[in-house]
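Chains as they are written, first to last, in the numbering used here: chain A, 19 to 433; chain B, 19 to 433. What follows is a short report on a single structure.
Laid out in structure tokens, this is it:
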């Protein structure tokens, strides 16, 4: 038997599987589990009939390029539609700055390849999206977490963290953040802070990576579209690399997302993508383009907002009824997640096996913290399960928390 | 204006665009160009009607998972179908060893990530596939080219190259090769040499990366299926990582390929893929699966073989008639390419602008050589253009070669 260890690269040796993906595997193995783990969109909301009609037209064979290799940057009409979308978001976008990516995960990976050397410093929110953490970690970056308050990134803390590292000779190249309905906290960064982020980035000469998958999914009862204005909209000097996706608004199975970067970087990111997968799927890109061109995407958004808002309400009501003071959470004003804190120093890692035994799963908080903290948090996705399943899942979770609380209370007190 | 240079990683600074992809861009910019450059399959042969029917069924909405995020390893029924395919190729495959990839390009990239550190030695054929060269170069590998003779990889040369580097303290981790209808030479490595490669790899403790996109596309007039038996078929100790693809036999727009690796490495490659794009396209994977399940793929292969064989004949006839002794090539027994050598020390780099001016493009030979040689070669793809366009393109090429020969002959002789 060959020992493959001696063939591995340093990156191959050290890379870690995603906690969220592990939950997905776990879920597939257990019967009747309610999954609050991955941030999956609701499948019953996908516009199936429209997709079917669009695909039928595309597969007529009239345009052979639909299933041929395509340009690495993406299908040009789609890139133009993306410029239109970005313009409606207030961003002065350029088609030469758009690269279509195989999901935003690829966009993050390309950025890390082009910008990050081992040892480079990356600033990101505490907690932050695990997919971004993984990418930067794989690139060998030093990750520095910046605390958030109830509204999101704390600007004073940001400069403190930057200064500490700067003083130690570590220059931060990039700040990664999710200003709209942050993953996992759900926070909506106030407009004033967004401007401050930009001013700060200019002053400290740092690039901003703005990851914006949830922008269109604000909840009308607590947020407005104006409040979701991207940081990139006020970027005058090419400081921001912006990422967004069709995965949450159309369907993730198409693997179609995009990034928008200063031209010089877009050219580098394109070359990086050549080596990663040559191009994204041809049929997928055209279905997404047609969904944009026909107005399907825009027409679909109000229903999505109502749907996810209603599911948030179901989960909030169930948690309040089932768990009361044992947990707390900031009310999400959009997105897919409820960021729950356990009371009484309970740990979500201890909770997980109890929850799994009762048929409910979530992602433990520590997966989102680059500083090893967060064990009293858990992320619950309310996006995919039907309302009755959300209620069932929260009931199971409540029983698991009660069990954990009882065992914690009866455990011997340590000095 | 920001100088982005100081934000780039070493890899971001040094990465080079693909010569083939550049040709694609050139092609898009010139009117009425005959492209012999990228190895595109013939679009008119894609089974459009069957794909349309399959997609319509999949998009009924009955199975929501079609457009949802999926497992990183790939859609399980597709992985099982791939095991079936590999079994028919003589390989003792295991479903836990299969990872579906977003094209074989991603497979190569994942392998480089998991195995190659900067400075690691990679052995590959001289000439070799540019997409592999790029991936290993991006990973910072030292690339050592191994000469080929008319039948492919030269085993004595392989051990010589290995020994030279070994003596200099550089250990080779992997040997990358394309035994079936090599890209760009078209060579079909004899079965005896395949066994020798395996014996050599065991003796020298090197992993073999066998890239096999063209296996099913042998030409019945000059090759048999038995002659395409993969090296992996005789791998008893987990020495070979095997890659293959549906891009050349079904359609590249689906971006569905696979790799098959020893379990320990497959697990690492899966984790690497998580960070790269989470999963490959859901609809795409299911269309490909259905094409396998319904027997569409197998039924389609004889027509593909005849089609590409006939196109090879068209190109060979046209080249013989138009260029005579000015060029030579080994007769390809399968695949997409004619590997042409220019006589009289003409350079394909000098030929390219003349050819482009006359409306025909190809890939210059030097793109395939890691040692900087190959300037008297060009790669012509006969796979995509219609027969009349092949004839037109070769006529244009012949005129360009005549022009180059005339200018070379009239140039002053250098001492």
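Ideal Cβ placement from N, Cα and C applies to all residues, glycine included. None of the values given here were measured: they were computed from a predicted structure.
Check	Outcome
Burial state of residue 246(B), where buried means 16 or more other Cβ atoms lie within 10 Å	buried
Beta carbon proximity, residue 433(A) to chain B, threshold 9 Å	Residue confidence for residue 433(A) is low, a pLDDT of 44 falling below 50, so the modelled location carries little weight and cannot support an answer.
Cβ distance (whole Å) where residue 17(B) is taken to contact residue 355(B) below 8 Å	No statement about residue 17(B) is possible, as the shown extent of chain B runs from 19 to 433 and does not include it.
Chain B within 9 Å of residue 152(A), Cβ atoms only	yes
Residue 243(A) versus residue 209(A): straight-line alpha-carbon distance, rounded	12 Å
Residue interval of the beta strand (DSSP E) (run including residue 263(A))	258-263
Run of the beta strand (DSSP E) containing residue 399(B), from where it starts to where it stops	395-399
Simplified DSSP assignment, three categories, for residue 347(B)	coil
Straight-line Cα distance separating residue 204(B) from residue 392(B)	16 Å
Collapsed DSSP secondary structure at residue 84(B) in the structure displayed	helix
Residue 191(B) in three-state terms, based on DSSP	strand
Contact set between the stretch 118-151 of chain A and chain B, restricted to residues whose Cβ is under 7 Å from the partner	120, 121, 123, 124, 127, 131, 132, 133, 134, 135
9 Å Cβ cutoff, residue 228(B) in contact with chain A	no
Length of the line joining the Cα atoms of residue 66(B) and residue 99(B)	21 Å
Three-state class that DSSP yields for residue 119(A) in the structure shown	strand
Close-in-space but distant-in-sequence residues of the same chain around residue 127(A) (CB under 6 Å, 5 per side omitted)	153
N- and C-terminal bounds of the alpha helix (DSSP H) containing residue 143(B)	No alpha helix (DSSP H) contains residue 143(B), which is instead part of the beta strand (DSSP E) from 139-144.
Helix, strand or coil at residue 427(B) [DSSP, three-state]	helix
Sequence-distant residues of its chain with Cβ nearer than 6 Å to residue 124(B) (five each side left out)	none
Burial state of residue 149(B), where buried means 16 or more other Cβ atoms lie within 10 Å	buried
Per DSSP, cross-strand counterpart(s) of residue 228(B)	195(B), 260(B)
Paired residues, beta bridge with residue 165(B) - DSSP	144(B)
Spatial neighbours of residue 207(B) in its chain, beta-carbon cut-off 7 Å, leaving aside the 5 residues before and after	169, 170, 171, 197
Pair within 9 Å by beta-carbon distance, residue 163(B) and residue 389(B)	yes
Residue 308(B) to residue 72(B) span [Cα, whole Å]	7 Å
Same chain, Cβ closer than 6 Å to residue 263(B), five either side skipped, listed in chain order	122, 231, 275
Cutoff 9 Å: residue 62(B) Cβ touching any chain A Cβ	yes
Sequence-distant residues of its chain with Cβ nearer than 6 Å to residue 108(B) (five each side left out)	247, 251
The stretch 188-204 of chain B: positions lying closer than 9 Å to chain A by Cβ	191, 192
Of the residues 195(B), 379(B), 267(B), the one placed nearest residue 319(B), counting alpha carbons only	267(B)
Inter-residue Cα distance where the pair is residue 239(B) and residue 222(B)	37 Å
Whole-angstrom distance between residue 419(A) and residue 17(A), CA atom to CA atom	Any question about residue 17(A) goes unanswered here, given that chain A covers just 19 to 433.
Under 9 Å by beta carbon: chain A residues contacting residue 326(B)	What residue 326(B) touches in chain A: nothing, since even the nearest Cβ is about 16 Å away.
Nonlocal neighbours in the same chain, by C-beta distance under 8 Å from residue 216(A), ignoring five residues either side	226, 249, 252, 253, 257, 258
Contact set for residue 131(B): own chain, Cβ-Cβ below 6 Å, skip 5 residues either direction	290
Collapsed DSSP secondary structure at residue 160(B) in the structure displayed	strand
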